[in-house]
Structures are given as C-alpha cells and as structure tokens.
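Q: Below you will find the structure I want to go over with you.
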Ligand SMILES: Cc1ncc(C[n+]2csc(CCOP(=O)(O)OP(=O)(O)O)c2C)c(N)n1
Ligand code: SF4
Ligand SMILES: [Mg+2]
C-alpha cells in the first residue's frame with residue numbers, strides 16, 4: 141500500500157500495519173483496485189489529525205460503498221450524486237463535526253454534477269473527495285462524464301469519440317472557478333510518489349475545512365483494471381499513460 145510514508149520506525153510501521161480506523165471484513169473489490177489505497181490514506185489522515193470522534197463521512201454509491209462497513213468512523217449513505225447536499229445539511233446542523241464526502245466520478249460528475257457545483261459555490265465548509273477511475277465501476281464499466289477520449293467502455297465501444305460522446309469534464313478545474321471553493325487539488329494512487337501527494341493534498345484539504353476557509357475538493361485518480369480491460373499489474377501504467385494526460389496532477393486552487 142503506501143510505500144513512501146515516512147522515515148525510520150514510524151514509517152515502517154505505517155507501511156506494514158493496518159491503520160487503526162480500518163476494520164477487517166470480507167469485501168468484493170477487485171485485485172488491483174485503487175480505491176482501497178485512497179481509503180487507507182483518508183483513514184490515516186483522520187487518525188493523525190485526531191478527528192475520529194468529530195468525523196461524519198457521507199458516502200455515495202459505487203464500488204466504494206463497500207467501505208462504510210470497514211471504516212471505524214460515523215458514515216451516512218447518500219443517494220447517488222447527492223452526497224454534497226447531505227453533507228451540507230450535516231455540517232450546518234453540526235458545525236463542529238468534521239465532514240467529508242466520498243464519491244466516484246459517475247456519482248459526482250455524471251449523476252450529481254449540480255450538487256457539487258452548488259455546494260462549492262455556496263462555500264460549504266465540507267471536504268469533497270472523488271475517486272475518479274473514469275468509469276461507472278460498480279455497475280459494469282459504462283462511460284461516465286470523466287471517461288477520457290479514446291477510452292473503451294461498455295457504452296463507448298471502440299473508444300470515447302468527441303463527436304459522438306462529447307468531451308470529458310474536468311471537475312476540479314470546473315469547481316476551482318467557483319468563488320466558494322477555497323482548495324482544489326488532484327492526486328492519484330498509482331505510484332508511491334503519487335500516494336505521497338495524496339497524503340499531502342488531503343491534509344491541505346482537511347486543514348481548509350478545519351480553518352473554516354470554505355469548500356475543499358480532492359480528486360483522486362484510482363485504478364479500475366477490471367473496467368479498463370487490463371490486468372491488475374497493468375493498472376498503474378494505464379492510469380499514467382491514458383488517464384493522467386487528461387487529468388494532470390497538482391494543486392489547482394489554494
Ligand atoms: C440514481 C441512480 N442511478 C443509477 C444507479 C446505479 N449505480 C449504482 S453504483 C453506479 C456506478 C457508480 O460509479 P462511480 O460513482 O464512478 O463509482 P465506482 O463504482 O466507479 O467506484 C451506478 C450507476 C443508482 N444507484 N442510482
Ligand atoms: S470494478 Fe473497478 S472500481 Fe470496482 S472494485 Fe473492481 S477495480 Fe475497483
Ligand atoms: Mg467510477
């Protein structure tokens with residue numbers, strides 16, 4: 141999992157031990173899936189910042205819907221695409237709570253685009269996290285608004301075509317234009333250095349909420365070898381060569 145996480149004994153412990161907030165259970169995720177790597181980074185950040193008792197996660201619907209059962213924090217489930225609106229209500233009722241959403245690209249960018257845009261424009265003091273694997277993973281690999289041009293999916297057979305299917309939406313750049321968005325960044329989990337970046341950006345985004353500065357968004361590119369039609373071992377290279385050129389990593393607004 142996170143191969144570059146620190147130095148000395150603490151760093152080694154972090155690599156080989158399960159995070160305290162990650163519970164053990166059966167799950168149905170595929171080998172090589174990037175979403176559990178992102179989950180690990182999130183739970184480590186919550187623990188290290190001492191936020192466990194205050195945390196309420198609002199989860200959308202996707203393969204990551206397996207996670208609430210193995211997260212040792214409070215989690216609410218939202219209808220597809222609606223997590224930013226549910227999180228808005230949670231934060232307004234419980235302003236002292238630490239609130240983050242967990243959505244996929246299909247959930248946030250295809251089905252719930254208006255929810256995230258309005259929450260960002262209002263400057264809601266929540267942190268939105270989107271796992272972008274450029275497909276509707278859980279339901280079998282259909283094209284989403286984030287599927288990249290040329291990408292073969294079950295509904296873009298032969299590759300996404302600009303004329304026929306339109307262009308992918310870069311959610312981070314879109315949200316960054318809104319005045320209420322205080323922090324926006326894009327990271328990934330396909331290499332140790334990318335995971336390190338995810339750790340850093342996640343802390344920045346969480347800090348933004350803790351300081352009451354406004355809406356924060358972290359987009360994390362995750363591997364989906366099953367719906368990219370590659371082997372688990374080929375997933376990281378596919379992300380780097382096919383997905384990342386459309387979605388460059390970095391801080392977009394701070
Ligand atoms: C309103 C609505 N439409 C469709 C679905 C079916 N559905 C459940 S999960 C899912 C795919 C989610 O894709 P994404 O958010 O990208 O997450 P991933 O599975 O890729 O992690 C879909 C379409 C649903 N639950 N609700
Ligand atoms: S379908 Fe894709 S996103 Fe879903 S568990 Fe499998 S690899 Fe992960
Ligand atoms: Mg997806």
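In our numbering, the protein residues as written are 141 to 394.
Yeah, the Cβ is synthetic: ideal placement off N, Cα and C, and Gly gets one too.
Per DSSP, which one or two residues make a beta bridge with residue 364?
A: Residue 364 is not bridged to any residue.
Q: For the beta strand (DSSP E) that residue 338 lies in, which residues bound it at each end?
A: Note, residue 338: premise wrong, no beta strand (DSSP E); alpha helix (DSSP H) at 332 to 350.
Q: Buried or exposed for residue 272, going by 16 or more other Cβ atoms inside 10 Å?
A: Classification of residue 272: buried, given that the 10 Å Cβ count is 16 or more.
Q: For a minimum of 4 consecutive residues, which ranges assigned as the alpha helix (DSSP H) are wholly contained in the stretch 202 to 262?
A: The qualifying runs are 223 to 233, 253 to 262.
Q: Please report the straight-line C-alpha distance between residue 305 and residue 188, rounded to a whole angstrom.
A: Approximately 43 Å, taken between the alpha carbons.
Q: Within the continuous beta strand (DSSP E) that includes residue 327, where are the two ends?
A: Residues 321 to 328.
Q: Using 7 Å as the cut-off, classify the Cβ of residue 275 as near or not near the heavy atoms of ligand 3, replying yes or no.
A: Checking every heavy atom of ligand 3 against the Cβ of residue 275, one is found closer than 7 Å.
Q: Evaluate residue 250 with the Cβ neighbour count: other Cβ atoms within 10 Å of its Cβ, from every protein chain shown; 16 or more gives buried, anything less gives exposed.
A: The residue is buried, with at least 16 neighbouring Cβ atoms inside 10 Å.
Q: Give the single residue among 226, 161, 325 whose Cα lies nearest to the Cα of residue 316.
A: When each option's Cα is compared against that of residue 316, the closest is 325.
Q: Using 10 angstroms around the beta-carbon of residue 180, count the other beta-carbons present and answer buried if the total reaches 16, otherwise exposed.
A: Residue 180 comes out buried.
Q: Could you tell me whether any Cβ in chain D is nearer than 8 Å to the Cβ of residue 266?
A: The displayed structure is made up of one protein chain only, and chain D is not part of it.
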